[in-house]
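Once you know that position 105 of the sequence shown is 214 in our numbering, the rest is easy, because the numbers rise by one and skip nothing.
This report refers to the structure that appears directly beneath it.
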Amino acid sequence: MTRPDGGEARVVGKDVVRDADAVRSRVSLTGQYASVDEDLTGTENLVMLGRLLGHRTPAARERAAQLPAAFGLTDAAGKQVKNYSGGMRRRLDIASSILNTPDLHFLDEPTTGLDPRSRNQVWDTVRAIVAQGTTVLLTTQYPDEADQLASRIAVIDHGKVIAEGTKGELKASVGVGAVHLRLRDPAQRPAAAEVLARMLEASVQLEQDPVAVTARLSAEAHTGVADRASMALAHLAREGITVDTFSLGQPSLDEVFLALTDHPAGEGVPA
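Written as structure tokens, this is what we have:
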């Protein structure tokens with residue numbers, strides 16, 4: 110591995126350069142693509158990797174028998190991996206990475222290319238790993254994934270950390286929330302935008318959808334937001350502007366990333 114040209118990093122109190130072997134024994138990695146043998150069964154993959162990690166055969170078999178149940182793979186453990194779905198392969202790959210119960214697990218874009226059901230299953234797997242006491246460092250291009258799984262988030266743009274904090278802190282940094290409207294008549298959108306900007310003292314954005322408008326509330330506007338939103342709706346009705354749908358909520362992490370970088374997450378570089 111390339112040695113660092115500056116700085117210092119520690120994992121579980123160990124220097125990653127001076128104590129590299131000790132660090133390696135405490136961490137594990139699941140890469141972006143599943144690294145399992147498709148011609149072996151799930152159990153055979155786990156036994157093989159257990160042996161490669163230094164376990165004697167009986168111990169490797171015992172651990173391989175325990176993990177499938179924890180990852181929802183009990184029925185598939187005896188089947189060849191080439192017959193697994195993408196989500197099942199991903200869960201087996203993650204299971205193989207924690208054979209030694211690491212203190213820190215690096216997880217690189219675990220749900221890329223998965224369907225929604227498989228994605229939710231992988232999310233449950235990650236939560237189970239954390240519940241067992243392992244710290245997970247997860248990279249993702251999907252802000253909603255970070256919203257679901259992360260207790261602390263670092264936003265990276267062009268290789269640099271541009272913001273860091275809990276999801277609540279990051280959302281609060283770009284405003285306390287947003288009012289989303291969908292109108293009946295797109296011709297009324299400019300008038301609706303003017304009312305929202307004036308009554309909510311908000312930054313108003315005209316969405317790509319010709320009947321959608323969003324008012325983003327500043328961090329200073331944290332009091333009386335619901336009351337003012339109700340007053341704005343009543344004013345729109347008096348002006349003859351028909352609102353089909355209305356919602357008031359916190360900014361999403363997608364909106365946080367867009368506000369911090371001026372481009373959507375996943376566009377050009379990973380988040």
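Idealized CB from N, CA, C, for every residue including glycine.
{"Item": "Taking the beta carbon of residue 317 as the centre, do at least 16 other beta carbons fall within 10 Å, making it buried, or is it exposed?", "Value": "exposed"}
{"Item": "Please classify residue 262 as buried or exposed, where buried requires at least 16 other C-beta atoms within 10 Å of its C-beta.", "Value": "buried"}
{"Item": "Just verifying my parser: in three-state terms, what is the DSSP assignment at residue 344?", "Value": "helix"}
{"Item": "Under a three-way DSSP split, which group does residue 366 fall into?", "Value": "helix"}
{"Item": "Tell me the start and end of each unbroken beta strand (DSSP E) in the stretch 304 to 337 that is at least 3 residues and wholly inside, in chain order.", "Value": "312 to 315 and 321 to 326"}
{"Item": "With a 10 Å radius around its C-beta and 16 neighbouring C-beta atoms as the bar for buried, classify residue 254 as buried or exposed.", "Value": "buried"}
{"Item": "Can you give me the C-alpha to C-alpha distance between residue 362 and residue 273, rounded to a whole angstrom?", "Value": "12 Å"}
{"Item": "If the criterion is Cβ atoms closer than 8 Å, does the pair residue 352 and residue 290 meet it?", "Value": "yes"}
{"Item": "Tell me whether residue 380 is buried or exposed, calling it buried when 16 or more other Cβ atoms sit within 10 Å of its Cβ.", "Value": "Any reading at residue 380 is ruled out, since the residue's pLDDT is 47, under 50, leaving its predicted position unreliable."}
{"Item": "Which runs of the beta strand (DSSP E) at least 3 residues long sit entirely within the stretch 195 to 279? Give them in chain order.", "Value": "213 to 217, 244 to 248, 262 to 266 and 269 to 274"}
{"Item": "The alpha helix (DSSP H) that contains residue 132, what's its start and end?", "Value": "129 to 133"}
{"Item": "Confirm, please, whether the CB-CB distance from residue 247 to residue 235 is below 8 Å.", "Value": "yes"}
{"Item": "If we define contact as Cβ-Cβ less than 8 Å, is residue 144 a contact residue for chain B?", "Value": "In the structure shown, chain B does not exist; there is a single protein chain."}
{"Item": "Let me make sure I understand the geometry here. Which of 186, 149, 312 and 370 has the alpha-carbon closest to that of residue 269?", "Value": "370"}
{"Item": "Just the C-alpha distance for residue 218 and residue 154, rounded to the nearest angstrom, thanks.", "Value": "22 Å"}
{"Item": "Return the CA-CA distance between residue 323 and residue 222, expressed in angstroms with no decimal places.", "Value": "30 Å"}
{"Item": "Would you list the residues sitting across from residue 123 in a DSSP beta bridge?", "Value": "120"}
{"Item": "Quick check on this structure: which residue in 368, 367, 339 and 348 has the alpha carbon closest to the alpha carbon of residue 355?", "Value": "339"}
{"Item": "How many Å lie between residue 365 and residue 282 at the Cα?", "Value": "8 Å"}
{"Item": "Here's a check: name, in chain order, each residue in its chain whose Cβ is nearer than 8 Å to the Cβ of residue 198, leaving out the five neighbours to either side.", "Value": "143, 145 and 190"}
{"Item": "Have a look at 162, 348, 183 and 212 and flag the residue whose alpha-carbon is nearest the alpha-carbon of residue 132.", "Value": "212"}
{"Item": "On a Cα-Cα basis, can you pick out the residue from 288, 321, 287 and 192 that is closest to residue 385?", "Value": "One cannot answer for residue 385 here, as it falls past the ends of the chain, which runs 110 to 380."}
{"Item": "For the beta strand (DSSP E) holding residue 168, just list the boundary residues, first then last.", "Value": "Looking at the DSSP string, residue 168 is not in any beta strand (DSSP E); the run it does join, the alpha helix (DSSP H), is 166 to 179."}
{"Item": "Closer than 8 Å by C-beta to residue 276: which residues in its own chain qualify, once you throw out the five before and the five after it? Chain order, please.", "Value": "255, 256, 259, 262 and 362"}
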